[in-house]
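**Student:**
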Amino acid sequence: MTDHESGRRKFMKNIGLATGAAILTSSAYANPFDTAKVKKLKPKQQEFMLRYGKWMDDFTEVVRLQKADPYNLETQERMKVLTTQAGEFKPELADHLRDKTFALIYMESIKRVKNEI
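Residue 995 is where the sequence shown starts when you use our numbering, and the numbers rise one by one after that.
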């Protein structure tokens, strides 16, 4: 495993990546879980998932760019910003994960992100 791959794995592990949240978008409803549960999220949880979904979209784009050109400085800077933002999500994510419905939806969204990366 190269240092680059090792760093990516460590990063993903540290932020608990594979997150998700575009689950409130149309692509999310393609996941094999009860969409009625999505509607049961509390407003704060829905808002968080929308913000996090945007972050995940940005993150997956940067990962694709890094795969194509791992030495691009602009892409590396974008990844640093996204990494900082991921750390800012941690406390709120941990709080929301106490809710079983939220945790289920979150885990399904992780599958989508893993497949994209």
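Where a beta carbon is used, it is the ideal one built from N, C-alpha and C, also for glycine.
This one's a predicted model, so the numbers in the text were calculated from it and none came from an experiment.
Just list the beta strand (DSSP E) runs in the stretch 1057-1096, keeping only unbroken ones of 3 residues or longer that don't cross its boundaries, in chain order.
**Tutor:** Here no run is fully enclosed.
**Student:** Could you check the C-alpha separation between residue 1046 and residue 1083 for me, to the nearest Å?
**Tutor:** Going by the C-alpha atoms only, they are around 8 Å apart.
**Student:** Using the three-state DSSP reduction, which class does residue 1038 fall into: helix, strand or coil?
**Tutor:** Residue 1038 falls in the helix class under three-state DSSP.
**Student:** In whole angstroms, what separates the C-alpha of residue 1043 from that of residue 1106?
**Tutor:** The straight-line gap from Cα to Cα measures roughly 14 Å.
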